[in-house]
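Numbering (my numbering), first residue to last: 193 to 307.
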């Protein structure tokens, strides 16, 4: 979660760099909304998955296919998610550009304060 906050801060600087407007509260609020929507979607997808493998919460013993499906889900889905996150992290190149962006923002702010 610490990395998430740092990336939002970087995006705030980048947004100010591109538009000239610093919208901290909007980005942090949209992050919160995105997290809540994402949690809701993932919860519903898990429910659809459990339905697809014939999970029945009222049964005391689940079928072998259901247990195998749950086992596979908890083995392979995290691996796929990690691979996707690694790819997105690799493509997120803002960290390389950030020192120059922050320097230019400091110069812009200095010229505005001198007016």
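We put the CB at the ideal spot given by N, CA and C, even for glycine.
Being a predicted model, the structure only gives us computed values, none of them experimental.
For this session: For residue 208, count neighbouring C-beta atoms within 10 Å of its own C-beta (all shown protein chains included) and say buried if the count is 16 or more, exposed if not.
Result: buried
Exercise. Ordered along the chain, which non-local residues of its own chain (more than five positions away) have a Cβ less than 6 Å from that of residue 245?
Worked result: 258 and 261
Exercise. How long is the line joining the alpha carbons of residue 296 and residue 214, rounded to whole angstroms?
Worked result: 14 Å
Exercise. With C-beta atoms as the reference, is residue 202 less than 8 Å away from residue 287?
Worked result: yes
For this session: At 3 residues or longer, and completely inside the stretch 200 to 274: list those beta strand (DSSP E) runs for me, N to C.
Result: none
Problem set entry | Cβ-Cβ distance between residue 200 and residue 220 below 8 Å | yes
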